[in-house]
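Inspection log for the structure reproduced underneath, given as structure tokens.
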Amino acid sequence: MGYKKITGELRKAGFAVGKQFVQRVRREEGLQVPAPKPRQTRRGLSTGLPQQATHRNHVWAWDFVSDWTQRGGKLKVFNLIDEHTRECHVIHAAREIKAEDVLRVLRQAIEQHGAPAYIRSDNGSGFIAKIIQRWLKQNEIDTLYIDPGCPWQNGYVESFNSRFRAECLNRELIYTLSEARFIFKEWMNFYNNIRPHRSLSLLSPAQFAQSIT
Numbered sequence: 000m001g002y003k004k005i006t007g008e009l010r011k012a013g014f015a016v017g018k019q020f021v022q023r024v025r026r027e028e029g030l031q032v033p034a035p036k037p038r039q040t041r042r043g044l045s046t047g048l049p050q051q052a053t054h055r056n057h058v059w060a061w062d063f064v065s066d067w068t069q070r071g072g073k074l075k076v077f078n079l080i081d082e083h084t085r086e087c088h089v090i091h092a093a094r095e096i097k098a099e100d101v102l103r104v105l106r107q108a109i110e111q112h113g114a115p116a117y118i119r120s121d122n123g124s125g126f127i128a129k130i131i132q133r134w135l136k137q138n139e140i141d142t143l144y145i146d147p148g149c150p151w152q153n154g155y156v157e158s159f160n161s162r163f164r165a166e167c168l169n170r171e172l173i174y175t176l177s178e179a180r181f182i183f184k185e186w187m188n189f190y191n192n193i194r195p196h197r198s199l200s201l202l203s204p205a206q207f208a209q210s211i212t
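0 is the number of the first residue of the sequence shown in numbering that gives the first Met the number 0; add one for each residue after it.
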């Protein structure tokens with residue numbers, strides 16, 4: 000977290016601290032985070048319509064992240080978010096994720112959160128498989144595919160992936176798949192319910208979603 004978010008969380012907890020104090024402590028303890036890379040101006044937009052989500056369950060976005068356990072085992076992670084509320088509906092980890100697995104996890108997410116009007120993704124084989132295309136069409140969920148080599152067009156989930164890697168994958172020593180699933184579940188709960196987002200006026204995704212219902 001940056002010093003503004005930390006200051007906000009400390010004030011919520013009842014500590015009377017200022018931004019300069021938090022900055023000084025972070026600097027003295029060597030807790031400064033690297034400066035963020037300049038944002039792409041087209042982040043979050045797609046060549047398809049709608050260009051930007053305007054309400055909950057308007058546009059979902061999904062993507063894969065790959066990593067390795069400390070024992071050298073491969074980890075593949077399937078992430079699914081709501082672009083408007085920034086809520087993370089799924090962090091599914093496995094050694095291998097097939098189209099059938101994507102569909103199963105998607106159906107579970109829809110049972111819990113309702114169905115989106117659109118799903119944005121790249122053209123990876125896990126997202127363009129016939130079994131998925133057929134099911135989406137039957138359930139009247141449209142797809143928004145980004146242009147090849149243009150990850151910024153799927154900017155919301157790319158941003159989520161970068162936070163997930165920086166705040167979870169790169170900070171945890173993961174030895175087994177079951178351990179990964181436990182850690183990811185805990186981090187998803189933190190991300191959705193506690194972690195403030197600057198784009199949501201420093202609310203967590205769950206708090207923002209509740210404020211618009």
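We treat Cβ as the ideally placed atom computed from N, Cα and C, and that holds for glycine. All values derive from a computational prediction rather than experimental measurement.
Cβ-based neighbour list, residue i, same chain, cut-off 7 angstroms, excluding 5 preceding and 5 following
i: Glu-95; result: Lys-75
i: Val-104; result: Phe-77, Val-89 and His-91
i: Ala-108; result: Leu-79, His-88 and Val-89
i: Ile-193; result: Ser-203
i: Leu-168; result: Asp-66
Between the CA atoms of residue j and residue i - distance to the nearest angstrom
i: Ser-210; j: Leu-199; result: 11 angstroms
i: Lys-222; j: Gly-7; result: With the chain running from 0 to 212 in the structure shown, residue 222 is simply not present.
i: Arg-70; j: Ile-140; result: 40 angstroms
i: Gly-219; j: Thr-175; result: Residue coverage of the chain in this structure runs from 0 to 212, which leaves residue 219 outside it and unanswerable.
i: Glu-171; j: Glu-185; result: 12 angstroms
i: Arg-119; j: Gly-148; result: 15 angstroms
i: Pro-195; j: Gln-137; result: 37 angstroms
i: Ile-5; j: Gln-152; result: 30 angstroms
i: Ala-114; j: Trp-134; result: 12 angstroms
i: Lys-36; j: Gly-154; result: Because the pLDDT of Lys-36 is 48, which lies under 50, any placement of that residue in the model is unreliable, and the number read from its coordinates should be weighed accordingly. When rounded, the distance between both Cα atoms is 14 angstroms.
i: Asp-146; j: Ala-60; result: 15 angstroms
C-beta contact flag for residue i and residue j at 8 angstroms
i: Glu-86; j: Ala-208; result: yes
i: Leu-213; j: Val-89; result: The first residue shown for the chain is 0 and the last is 212, placing residue 213 beyond what the model contains.
i: Ala-179; j: Thr-68; result: yes
i: Asn-160; j: Asp-62; result: yes
i: Val-101; j: Ile-131; result: yes
Residue(s) in a DSSP beta bridge with residue i
i: Ile-80; result: Ala-60 and Cys-87
i: Leu-176; result: Paired residues: none, contrary to the question.
i: Ser-120; result: Tyr-144
Spatial neighbours of residue i in its chain, beta-carbon cut-off 8 angstroms, leaving aside the 5 residues before and after
i: Arg-162; result: Tyr-190
i: Ser-124; result: Ala-98
i: Pro-150; result: Asp-121 and Glu-157
Cutoff 6 angstroms; reference residue i; Cβ partners in own chain excluding five residues on either side
i: Tyr-144; result: Asn-122
i: Arg-116; result: Inspection of the sequence shows that residue 116 is occupied by Ala rather than by Arg. Taken in chain order, the residues that qualify are His-57.
i: Thr-84; result: Arg-55, Pro-204, Phe-207 and Ala-208
i: Thr-212; result: none
i: His-112; result: His-88
DSSP-derived helix/strand/coil call for residue i
i: Asp-66; result: strand
i: Tyr-155; result: helix
i: Ile-182; result: helix
i: Ile-130; result: helix
i: Ser-200; result: coil
i: Lys-73; result: strand
i: Ala-205; result: helix
i: Arg-94; result: coil
i: Ile-5; result: helix
Residue i: CB within 7 angstroms of a non-hydrogen atom of the ligand ADP
i: Ile-118; result: Here there are no bound small molecules, and the ligand ADP is not part of this structure.
CB contact below 8 angstroms: residue i versus chain B
i: Leu-135; result: Here chain B cannot be found, since the structure has a single protein chain.
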